[in-house]
Amino acid sequence: MQDFIVVIPSRFASTRLPGKPLLDIAGEPMVKHVWRRACESSAGRVVIATDDQRIGEVFDGLEAEVVMTRADHPSGTDRLAEVADTLALPDDAVLVNVQGDEPLIPPALIDQVAQRLFDDSGASIATLAEPITDVESLFNPNAVKVVREASGRALYFSRAPIPWDRHAFTKAPEHLETDAWLRHIGIYAYRAGFLAEYLGWSPSTLEQLEQLEQLRALHHGHAIQVGLAREPNPAGVDTVEDLERVRQWINAQGADA
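Mapping of the sequence shown onto the numbering used here: residues 20 to 276, in sequence order.
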């Protein structure tokens, strides 16, 4: 596999869970669990990108690379772009964005999204998706849907239930007849050159309507390659309930070891 870099954007501020990266899971801060998962991938380099010294101090004494970034970035993509610039990466370098609240992310998915971008030289971004099998997820605006073309490139991302079945959805269905619907998984691989371009663009109208920043890339004509995840991706930590679920899972794994 070709060489790539994992970047873990990790900021201290969080509306629902203040100091989220430092929350304890099995005796260690959450961000350290994410870092370990990333180190188990095939990445040649793993970088923690943070705006808070307290997060950087988590990795004191470890063979970990921390890049301090500005605190005013509107998104993780902007923070990634600053890292690419700080590290003076060439335009063809591939960076995988692994969110700092994904302590259970399978390393295989990190490798898969990087390989997906390597395999499509005309794409600027790669990401992953998985089939939607229940009606609740399809109609949940927090579950982002994606529609692909034959080569796997994204046609559109939406919070709405796309594609819309004009016959079956005349009323809310009780179950789904097929696995034609895909839920987007928020892991991305980028080319460094694309990130430099991204910084110069204003949010597009579609992005502002849907509140999905990947639509900015489609608006500017950049291809996004979407692969079907090879294994399930456990949900990240957004709420206290999520945190407790992850704690229970990791504690159970430790008990079984």
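Heads up, the beta-carbon is just placed ideally off N, CA and C, and yes, glycines get one too.
Check, Outcome
"Beta carbon of residue 184 nearer than 8 Å to that of residue 150", "no"
"Cβ separation of residue 256 and residue 49, assumed to be a contact under 8 Å, to the nearest whole Å", "7 Å"
"Anticipated Cβ contact below 8 Å, residue 45 with residue 270, distance rounded", "6 Å"
"At least three beta-carbon pairs within less than 8 Å, the region 197-217 to the region 257-268", "no"
"Heavy atom of the ligand MN within 7 Å of residue 138 beta-carbon", "The ligand MN is not among the ligands present in this structure, which contains no ligands whatsoever."
"Alpha-carbon spacing of residue 161 relative to residue 249, whole angstroms", "22 Å"
"Between the CA atoms of residue 123 and residue 254 - distance to the nearest angstrom", "8 Å"
"Test: residue 84 CB closer than 8 Å to a CB of chain B", "No chain B is present in this structure, which holds just one protein chain."
"Touch test, the region 71-82 against the region 93-108, Cβ-Cβ under 8 Å, three pairs minimum", "no"
"contact_flag[the region 35-42, the region 130-138] where n(CB pairs < 8 Å) is 3 or more", "no"
"Alpha-carbon to alpha-carbon, residue 215 and residue 144", "13 Å"
"Integer Cβ distance of residue 157 from residue 180, believed to fall under 8 Å", "5 Å"
"Closest residue to residue 247 among 57, 169, 110 and 69 (Cα-Cα distance)", "169"
"Residue(s) in a DSSP beta bridge with residue 84", "66"
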